[in-house]
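**Student:** One structure follows; several queries about it will come next.
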Amino acid sequence: ITVKLPRSVILELNRETKKAYRQNELVITLTKNILRKIDEKNNQGN
92 ITVKLPRSVI LELNRETKKA YRQNELVITL TKNILRKIDE KNNQGN
């Protein structure tokens, strides 16, 4: 089924999608940094 959405709705969806992607990137980056720190701590212990 094809639904024609108003341009304003499409723009809003695009904006929200981009925002979600950016937040996702941020979470991934933070997670990687935390894992790296944990890894460094573990290696110091050996």
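The sequence shown begins at 92 in our numbering and counts up by one. A virtual CB, placed ideally from N, CA and C, is assigned to each residue, including glycine.
Note down the Cα distance separating Asn-133 from Leu-126, rounded to an integer number of angstroms.
**Tutor:** One C-alpha to the other measures close to 11 angstroms.
**Student:** Can you give the Cα-Cα distance for Ala-111 and Glu-103, rounded to whole angstroms?
**Tutor:** The alpha-carbon atoms of Ala-111 and Glu-103 are separated by roughly 12 angstroms.
**Student:** Could you please give the first and the last residue of the uninterrupted alpha helix (DSSP H) stretch that includes Lys-123?
**Tutor:** DSSP places Lys-123 inside the alpha helix (DSSP H), whose first and last residues are 98-136.
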